[in-house]
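Okay, so here's the structure we're looking at.
In the numbering used here, the protein residues as written are 113 to 423.
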């Protein structure tokens, strides 16, 4: 049992204040969300990194004619979840979450801060932020569990991260960019992801929209990148049926440009009543080589069907 969202909202003419547990998403790219840092990732629920844990927070929002300013105070840190020894999908070595280490002496009670400015100017939507506090993405340390067993132990470091997300809408084209610069986790580094989506609307008067997507992700850390996307290309397609059930399908192929790694993913969702929704997620590794992030998953496939009730 985990509370993902439960908050109280105060509204005033010049500001808004939210207190409680919430999920906040930042980002514009489809396959890799580099700048999304407020909430912790739940890798038990889904390997794609899009499932997030609820984050205790206080958010002060100040809207104005020149954009929106958000101040975040995060009084409690949540550790990343990883599949256990019998879990799938996971790396060859088990991540011992019970042995997690912190750079801050306050550990999970270190207070994190973030400030974000966002605005829309013409066809441009953009946001820029700075985060200071405990990094959501741990460094995994190799340690001996027994004389014959090695495990991974997560280390949560104190980081500073500046991020940017930009989106341009021009006719049927959607151009996207995410970029970040991080200090405090090993050597300082830059990472970015960008691409496009081109939409064909109402194909053959069917009411169905088709979007073609192409993206590229880069991480200055190279093979040491913990995201697994150091120089990768993604191509995919999105089908939106625009029906009463809000049926959508997103499929994509991931290709490592520095190696043989290749994988395919499929996401689909459809409402089956006013309160019920069914979703499908699949990930299959087509090819990999020693050293690839996908190599540990080469013998595994993942197919997940979820039935959700909304009230």
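Where a beta carbon is used, it is the ideal one built from N, C-alpha and C, also for glycine. Fair warning: this is a prediction, and the values are worked out from it, not measured in the lab.
{"query": "At least three beta-carbon pairs within less than 8 Å, the segment 292–305 to the segment 132–150", "result": "yes"}
{"query": "Exposed unless 16 or more other CB atoms sit within 10 angstroms - verdict on residue 243", "result": "buried"}
{"query": "Beta-bridge partners of residue 328, as assigned by DSSP", "result": "306, 345"}
{"query": "Candidates 371, 261, 390, 115, of which the one nearest residue 361 by Cα", "result": "390"}
{"query": "DSSP three-state assignment for residue 271, whether helix, strand or coil", "result": "strand"}
{"query": "Among 326, 353, 267, the one whose alpha carbon lies nearest that of residue 190", "result": "267"}
{"query": "Those residues which DSSP pairs with residue 89 across a bridge", "result": "With the chain represented from 113 up to 423, any question about residue 89 goes unanswered, as that position is not in the structure."}
{"query": "Which listed residue (254, 408, 176) has its alpha carbon closest to that of residue 232", "result": "176"}
{"query": "Expected contact under 8 Å - CB spacing of residue 155 and residue 194 to nearest Å", "result": "5 Å"}
{"query": "Residue 272 versus residue 215: straight-line alpha-carbon distance, rounded", "result": "13 Å"}
{"query": "Bounding residues of the beta strand (DSSP E) (the contiguous stretch that carries residue 184)", "result": "179–186"}
{"query": "Inter-stretch contact at 8 Å, needing at least 3 Cβ pairs: the segment 239–257 / the segment 343–353", "result": "no"}
{"query": "Length-filtered (4 minimum) alpha helix (DSSP H) runs lying within the segment 220–248", "result": "none"}
{"query": "Sequence-distant residues of the same chain with beta carbon closer than 6 Å to residue 265, five excluded per side", "result": "208, 211, 253, 255"}
{"query": "Residue 228 vs residue 153 beta-carbon contact at 8 Å", "result": "no"}
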